[in-house]
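*Asks:* In my numbering, the protein residues as written are 12 to 344. All residues carry an ideal CB built from backbone N, CA and C; glycine is no exception.
#1: In its own chain, which residues sit with a C-beta less than 6 angstroms from the C-beta of residue 56, not counting the 5 before and 5 after it?
#2: Cβ atoms of residue 243 and residue 307: under 8 angstroms apart, would you say?
#3: Identify whether residue 305 lies in helix, strand or coil by the three-state DSSP scheme.
#4: Return the first residue and the last residue of the beta strand (DSSP E) that residue 96 is part of.
#5: Which residue's Cα is closest to the Cα of residue 236: 312, 261, 295?
#6: So which of 201, 83, 178 has the shortest CA-CA distance to residue 191?
#7: Counting C-beta neighbours from all protein chains within 10 Å, is the total for residue 214 16 or more, i.e. buried, or is it exposed?
#8: Could you name each continuous alpha helix (DSSP H) segment of 4 residues or more that falls completely within the segment 52–92, going from the start of the chain to the end?
#9: Would you grab the beta carbon distance between residue 152 and residue 167 for me? Rounded to a whole angstrom, and I think it's under 8 angstroms.
#10: Could you check what DSSP says for residue 131 in three-state terms: helix, strand or coil?
#11: Which one or two residues does DSSP pair with residue 121 in a beta bridge?
#12: Since residue 96 contacts residue 51 with CB under 8 angstroms, what's their CB separation in whole angstroms?
#13: If you run the structure through DSSP and keep just helix, strand and coil, what is residue 40?
#14: What residues match up with residue 326 in a beta bridge as DSSP calls it?
#15: By DSSP, does residue 46 sit in helix, in strand, or in coil?
#16: Is the beta carbon of residue 286 less than 8 angstroms from the beta carbon of residue 249?
#17: Identify the continuous alpha helix (DSSP H) that holds residue 142 and give its terminal residues.
#18: What would DSSP say about residue 115, mapped onto helix, strand or coil?
#19: If we count the other Cβ atoms within 10 Å of its Cβ and call it buried at 16 or more, is residue 228 buried or exposed?
#20: Return the first residue and the last residue of the alpha helix (DSSP H) that residue 240 is part of.
#21: Please report the distance separating the alpha-carbon of residue 147 from that of residue 71.
#22: Excluding the five sequence neighbours on either side, which residues of its own chain have a C-beta within less than 7 angstroms of the C-beta of residue 245, listed in chain order?
#23: Between the C-alpha atoms of residue 172 and residue 212, what's the straight-line distance to the nearest angstrom?
#24: When burial is assigned at 16 or more other CB atoms within 10 Å of the CB, is residue 11 buried or exposed?
#25: What would DSSP say about residue 34, mapped onto helix, strand or coil?
#26: Since I believe residue 295 is in contact with residue 170 (beta carbons under 8 angstroms), could you give me their beta-carbon distance rounded to a whole number of angstroms?
#27: Reducing DSSP to helix, strand and coil, say where residue 191 ends up.
#28: Looking at residue 79 and residue 73, is the spacing between their C-beta atoms short of 8 angstroms?
#29: So, are the CB atoms of residue 112 and residue 124 less than 8 angstroms apart?
#30: Are the beta-carbon atoms of residue 140 and residue 120 separated by less than 8 angstroms?
#31: Quick check on the burial criterion: 16 or more other C-beta atoms within 10 angstroms. Buried or exposed for residue 326?
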């Protein structure tokens, strides 16, 4: 485009937008709003440029979308935007923003969050992957405003940080990473699962708590619905759940061997000493355990004991359970 054509186009577009050419030029070079912390901007594949500009303004890195939209259309850069994630770390003028989002997006770094990890274990994984300090993540998770904004219980996010493989630029704000994990949980624990939980007499939080017990008790896909059934059957009969992982979660020094004294030491999570479910989730369950918690197997089992190979023997009576325990002890003295 020649200089004269560019000038005529600038005047025409500026006039259409209610801006003079001088006003548009000034707006394009004016630095953006202050950036207190890095802002992660996501451009989706095929997204209209006007929507991209509106998102930039909504996230507080662009004062007004119109000058950017006008200039990008005039220079045909509205079709040159790359989809991906961009971190904005300082105030940028609209021209600088345009150069940023028409350039390569920030490289992504993956982190795998396995099923059954606690909040503290997940925070340690994120910190080890280079996304910030453990303290910075815990600071977000302990903020009552963050918890309320995400509709989480006041006790915290345990149970709701969904295990998955995530990828973010290294400078992504800790709050954004945590919100992504919480959003993924809501995608998986659908309204249908909430209704299934209600049919079982469980609130969503109770269902997540139950799922965390299932996750902690068995790694075997074929056993999850059986374990869920055992716990639900015991709840209906007002029997203590007697789940060893709840004892480990509620005590100091979780890495040491469980003792008989631990079983009798009261905590809000010890299901040997309290009736019903523990005070809250004891881990962050994956999809299979969440689904099993609201779709238990149609069995009358009340007990299970580990075989020592990752599988369990399930029993409907105490006599059968005691026999299974005795059989295991004979084989593993």
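*Replies:* In brief:
#1: Excluding positions up to five away in sequence, the list reads 94.
#2: In contact: residue 307 and residue 243 (Cβ atoms closer than 8 angstroms).
#3: In the displayed model, residue 305 falls within coil according to three-state DSSP, outside both helix and strand.
#4: The continuous beta strand (DSSP E) containing residue 96 extends over residues 95–99.
#5: Of 312, 261, 295, the smallest CA-CA separation from residue 236 is found for 312.
#6: Distance check between residue 191 and each of 201, 83, 178 places 178 closest, using alpha-carbon atoms only.
#7: Note on residue 214: under 16 other CB atoms within 10 angstroms of its CB, so exposed under the neighbour-count rule.
#8: Counting only runs of 4 or more, we get 60–69, 76–85.
#9: Rounded to whole angstroms, the Cβ separation of residue 152 and residue 167 is 6 angstroms, and the two are in contact under 8 angstroms.
#10: Residue 131 falls in the helix class under three-state DSSP.
#11: Partner residues in the beta bridge of residue 121, as assigned by DSSP, are 178.
#12: Right, their Cβ atoms sit about 6 angstroms apart.
#13: DSSP places residue 40 in helix when its eight states are reduced to three.
#14: According to DSSP, which records beta bridges pairwise, residue 326 is partnered with 314.
#15: Shown here, residue 46 sits in coil according to DSSP, grouped into three states, outside any helix or strand.
#16: Contact annotation: residue 286 and residue 249 have beta-carbon atoms nearer than 8 angstroms.
#17: For residue 142, no alpha helix (DSSP H) segment is defined, and its DSSP state is neither H nor E.
#18: Residue 115 falls in the coil class under three-state DSSP.
#19: Residue 228 counts as buried, since no fewer than 16 other beta carbons sit within 10 angstroms of its beta carbon.
#20: Note, residue 240: alpha helix (DSSP H), 235–247.
#21: Straight-line Cα distance between these residues: approximately 22 angstroms.
#22: These residues qualify, in order along the chain: 252, 313.
#23: One Cα belongs to residue 172, the other to residue 212, and the distance between them is close to 24 angstroms.
#24: There is no way to answer for residue 11, as the model of the chain reaches only from 12 to 344.
#25: The answer is helix: DSSP assigns residue 34 an H, G or I state.
#26: Taking the Cβ atoms as the reference, residue 170 lies roughly 6 angstroms from residue 295, within the contact range of under 8 angstroms.
#27: Annotated three-state conformation of residue 191 is helix, per DSSP.
#28: Note that the C-beta distance between residue 73 and residue 79 is below 8 angstroms.
#29: Taking 8 angstroms as the Cβ cut-off, residue 112 and residue 124 do not qualify as a contacting pair.
#30: Here residue 140 is near residue 120, since their CB atoms are less than 8 angstroms apart.
#31: Flag for residue 326 reads buried.
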